[in-house]
Amino acid sequence: MTFRSVFLPGCGSLVALVFASHAWAQISGSPAQGGAPAAARLGTVTVSAKRSVTLEDVSSGITVLSHEELESAGVRSVTDLGRVIPGFSADRHGNSAYTGLSLRGLAPLDYYTPSVVVYVDGVPQDASLMEQSLSNVERIEVLKGPQGTLYGKNAYAGVINIVTKKPGNTVSGYVKTTVAKLRQGGEAHIASPLIKDHLYASITARGFHRSAQSDYIPAGLDKYDDGRDQHMSGQLRYAPVGGPLDIGLGFGYDKTIEKNIFFKTMDDVKKRKANAKMGAFDLSDDIRRHVHSASLDVGYDFGTVALKSITGLQKRNHNRLIVRQESESQDSLSQELRLAFNPKHSPVSGVAGVYAEHVNFDRRESAFAGFGTQDTHSDLDTKSYAVFGEGTWKVSERLSLTAGGRYTLDKADLSFHQAGSNLYRKDDKWTAFTPKAALNWKWSDDLVQFLSVSRGYKAGGMNRYKTADVSKIPYSPEKSWNYEMGLRSDLLDRRAHLSGSLFMTEIDNAQIYAGPVGQQALHNGGEARVKGAEVEARANLMAGLVLSAGASVSNSKFTSGPNTGKKMPYTPEWSANTAISYYHDVPSLSGSLVPRLGVNWYGKSYMDENNKYAQGSYSLVNARLSYESEAITVSAFVDNLFDKAYRVNEFNAGDNAIQAGDGRNIGLEAIIRF
1 MTFRSVFLPG
11 CGSLVALVFA
21 SHAWAQISGS
31 PAQGGAPAAA
41 RLGTVTVSAK
51 RSVTLEDVSS
61 GITVLSHEEL
71 ESAGVRSVTD
81 LGRVIPGFSA
91 DRHGNSAYTG
101 LSLRGLAPLD
111 YYTPSVVVYV
121 DGVPQDASLM
131 EQSLSNVERI
141 EVLKGPQGTL
151 YGKNAYAGVI
161 NIVTKKPGNT
171 VSGYVKTTVA
181 KLRQGGEAHI
191 ASPLIKDHLY
201 ASITARGFHR
211 SAQSDYIPAG
221 LDKYDDGRDQ
231 HMSGQLRYAP
241 VGGPLDIGLG
251 FGYDKTIEKN
261 IFFKTMDDVK
271 KRKANAKMGA
281 FDLSDDIRRH
291 VHSASLDVGY
301 DFGTVALKSI
311 TGLQKRNHNR
321 LIVRQESESQ
331 DSLSQELRLA
341 FNPKHSPVSG
351 VAGVYAEHVN
361 FDRRESAFAG
371 FGTQDTHSDL
381 DTKSYAVFGE
391 GTWKVSERLS
401 LTAGGRYTLD
411 KADLSFHQAG
421 SNLYRKDDKW
431 TAFTPKAALN
441 WKWSDDLVQF
451 LSVSRGYKAG
461 GMNRYKTADV
471 SKIPYSPEKS
481 WNYEMGLRSD
491 LLDRRAHLSG
501 SLFMTEIDNA
511 QIYAGPVGQQ
521 ALHNGGEARV
531 KGAEVEARAN
541 LMAGLVLSAG
551 ASVSNSKFTS
561 GPNTGKKMPY
571 TPEWSANTAI
581 SYYHDVPSLS
591 GSLVPRLGVN
601 WYGKSYMDEN
611 NKYAQGSYSL
621 VNARLSYESE
631 AITVSAFVDN
641 LFDKAYRVNE
651 FNAGDNAIQA
661 GDGRNIGLEA
671 IIRF
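Be aware that the sequence shown starts at 1, since it is given in full-length UniProt numbering, and climbs by one per residue.
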């Protein structure tokens, strides 16, 4: 019996389960009665999502994680979110600059235009920062499905909204250090008022070394695949207490030095050694990436209406030697102006805004011996403009209706030079209107059902470098219709929360990479369909005991075109996670001991559109033991407890070239807060 054969019918009975549990909770009351130890109640979650609403009012799939939950689960970066979010995966295609994020069976095959957009304090992040570490985080909101009616930058498959802690009148901060087999380093943060009740500032610094996992025998290098990253960010905030004005000026700098794509055979993966060259891929140099960023956030609260302006600037460059010399630079400038309205005595609330973005991308490559290439230089200039908004009408205490839309104009202009050939230039533009409609029905204060339909859009574009004649041809936009039905319920006097969704996505003009190694190009690969379901649960059933679980299944396949019937790559057929934590108070230590055990399961996934290369089902076990007090947390942890060897990427380069996931990582972590 397969996981899917059990899970799909189970999701069909989710409604009955929620109703039954809800009814039982109303009749029987709290199980803590009768002398049993009282369990903590789960708090009410408020989601920013461009306008502050409670979780029960959101008409799409969403997961909200506090910094305490992230810390407890050992989530240190965006890529670790798969530990706690079903249906989410992060796949590193070489190094951290080429990491793809997927939600609900929709994976980005073009690293430069991600389907899942990461926001940090309202600013969309450069595609090379998908794997960024998490520092000074207040909470993370993961919104699933198209979010173009809420967010300025178009989000085709979903949004990861990272909200950091703002500086205020209280001096606060932390120092954190990690010593582990695969990762060593530390970070520090401090926030303080500069002028009481008016001006505040914060600064964060982080530096980590990533230890190597493998030896590279052909080059005579021990512990080859190591790396290091550095980060510094700061914020200056002017927000007079009790006043309507809030201005934030932010800056950031990220530097990463790591090894290039490190491929080996599956036997080498298991041995943690590379005993032979992978054809031409003798990769013994670093990739160096620098990202400078700045932002200006201006908000003014008029009472029933709030105005927000967010300006973002990011400048990224990286250089590497991967058989040939490659260098890339990208400058991004974005501007969002948004108006949120929520009149006190009106049944209508909503958000409306405009967005503009200008991105200049420059890439230079030297000749690639053996593939018939020459020195090349490509310059891609893209511009995007959008008007967006959505509104909610509270028809009654039970019924709410939501409608929204987005109009987008995208332009692309590509110039390409190649030694010994003429310059060619291409330009094109695309427009799209993407609507959304949703219905929320409150069966009770603790049980909400929603239905939604929305249109997704991913802009057309140009291949950023020439690998074959087909790469000269612009590819068309990818569009989708997305349908979702979901439930959310608070049970057992709010000591348990259960949510679930059924979803389907119909895709036109799927954008995929295809072609021989070294000559791949983006083009449209026909139609595709994703059908699936997911469920999440969290419960505080007794004093100190916290249980969480989630599962997702998706059937993602091409329904027309050259790959008809094939599975879409980098989308596990199913995934599941479960964790148990127990908080044991130790008065003599003025704190608690907290053991935590978590398990993640992943179904089969393919690495290419032809379904030739695959990673079978596997599981990862993570364990953690922490001492927690108000000021100190000290943790001993082990990730991938049983040192499972698994693929995250694979292609043919004579022998199959495989990139492996992280092996066992044992370490200690300490945090001091003030």
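Glycine included, each C-beta is placed from N, C-alpha and C at the ideal position. A quick note: this is a predicted structure, and the numbers were derived from the prediction, not measured.
Would residue i pass as a contact of residue j if the rule is Cβ separation under 8 Å?
{"i": "Met542", "j": "Phe558", "result": "no"}
{"i": "Ser135", "j": "Arg206", "result": "yes"}
{"i": "Ser332", "j": "Ile310", "result": "no"}
{"i": "Ser96", "j": "Glu258", "result": "yes"}
{"i": "Asn610", "j": "Leu641", "result": "no"}
{"i": "Lys255", "j": "Ser211", "result": "no"}
{"i": "residue 743", "j": "Asn161", "result": "Missing from the structure shown is residue 743; the chain here goes from 1 to 674 and no further."}
{"i": "Ser454", "j": "Pro146", "result": "yes"}
{"i": "Glu71", "j": "Arg488", "result": "no"}
{"i": "Asp445", "j": "Asp413", "result": "no"}
{"i": "Val530", "j": "Ser499", "result": "no"}
{"i": "Tyr355", "j": "Lys153", "result": "yes"}
{"i": "Gly667", "j": "Phe637", "result": "yes"}
Go to residue i, then tell me how far its alpha helix (DSSP H) extends in each direction, as first and last residue.
{"i": "Leu199", "result": "Where Leu199 is concerned, there is no enclosing alpha helix (DSSP H), although the beta strand (DSSP E) it sits in stretches over Leu199 to Arg210."}
{"i": "Glu506", "result": "Here Glu506 belongs to no alpha helix (DSSP H); instead the beta strand (DSSP E) covers Ala496 to Asp508."}
When burial is assigned at 16 or more other CB atoms within 10 Å of the CB, is residue i buried or exposed?
{"i": "Glu397", "result": "exposed"}
{"i": "residue 677", "result": "With the chain covering only 1 through 674, there is no way to say anything about residue 677."}
{"i": "Leu101", "result": "buried"}
{"i": "Ala157", "result": "buried"}
{"i": "Val241", "result": "exposed"}
{"i": "Glu669", "result": "buried"}
{"i": "Ser629", "result": "exposed"}
{"i": "Ile287", "result": "buried"}
{"i": "Phe450", "result": "buried"}
{"i": "His345", "result": "exposed"}
{"i": "Asn440", "result": "buried"}
{"i": "Phe674", "result": "exposed"}
{"i": "Ile191", "result": "Checking the displayed sequence, the identity of residue 191 turns out to be Ala instead of Ile. Classification of Ala191: buried, given that the 10 Å Cβ count is 16 or more."}
{"i": "Gly486", "result": "buried"}
{"i": "Pro343", "result": "exposed"}
{"i": "Gly35", "result": "Residue confidence is low: Gly35 scores 32 on pLDDT, short of 50, so the model does not pin down where it sits. No coordinate-derived value is stated."}
{"i": "Tyr407", "result": "exposed"}
{"i": "His209", "result": "exposed"}
For residue i, collect the residues of the same chain with a Cβ closer than 6 Å to its Cβ; drop the 5 residues on either side in sequence, then sort them by chain order.
{"i": "Glu534", "result": "Pro86, Gly87, Ser501 and Ser552"}
{"i": "Arg92", "result": "Thr99 and Val648"}
{"i": "Leu106", "result": "Ser115 and Ala157"}
{"i": "His231", "result": "Arg206 and Asp254"}
{"i": "Arg664", "result": "Asn640 and Asp643"}
{"i": "Pro31", "result": "Its pLDDT being 32, under 50, Pro31 is placed unreliably by the model, and nothing is read from it."}
{"i": "Ser415", "result": "Asp379 and Arg425"}
{"i": "Asp362", "result": "Ser329 and Asp379"}
{"i": "Pro435", "result": "Gly405 and Arg455"}
{"i": "Glu326", "result": "Arg320 and Glu365"}
{"i": "Val298", "result": "Ile247 and Ser309"}
Give every residue of the same chain whose Cβ lies closer than 8 Å to the Cβ of residue i, excluding the five residues on either side of it in the sequence, and list them in chain order.
{"i": "Lys604", "result": "Pro572, Glu573, Ala614, Gln615, Gly616 and Ser617"}
{"i": "Leu589", "result": "Tyr627 and Ser629"}
{"i": "Asp197", "result": "Asn169, Pro240 and Val241"}
{"i": "Arg104", "result": "Gly61, Gly87, Lys144, Gly145, Ala157, Gly158, Phe503, Thr505, Val530, Gly532, Glu534, Ser552 and Ser554"}
Looking at the strands, I want to know which residues DSSP matches up with residue i.
{"i": "Asn649", "result": "Gln659"}
{"i": "Tyr174", "result": "His189 and Arg673"}
{"i": "Val58", "result": "Val58 pairs with nothing; no bridge assigned."}
{"i": "Val142", "result": "Thr63 and Ile160"}
{"i": "Phe88", "result": "Leu103"}
{"i": "Tyr618", "result": "Tyr602"}
{"i": "Asp639", "result": "Asn665"}
{"i": "Arg363", "result": "Glu328 and Ser378"}
Could you please give the first and the last residue of the uninterrupted beta strand (DSSP E) stretch that includes residue i?
{"i": "His584", "result": "His584 to Val586"}
{"i": "Gly405", "result": "Leu399 to Gln418"}
{"i": "Gly252", "result": "Leu245 to Lys259"}
{"i": "Gln449", "result": "Leu447 to Lys458"}
{"i": "Arg529", "result": "Ala528 to Met542"}
{"i": "Gly550", "result": "Leu545 to Phe558"}
{"i": "Glu484", "result": "Glu478 to Leu491"}
{"i": "Tyr111", "result": "Element bounds for Tyr111: n/a, residue is neither H nor E."}
Among the residues of its own chain, which have a CB less than 7 Å from the CB of residue i, if the five just before and after it don't count?
{"i": "Gln511", "result": "Leu109, Asp110, Lys458, Tyr475, Glu478, Leu522 and Asn524"}
{"i": "Ser592", "result": "Tyr583, His584, Asp585, Val586 and Glu628"}
{"i": "His358", "result": "Leu333 and Lys383"}
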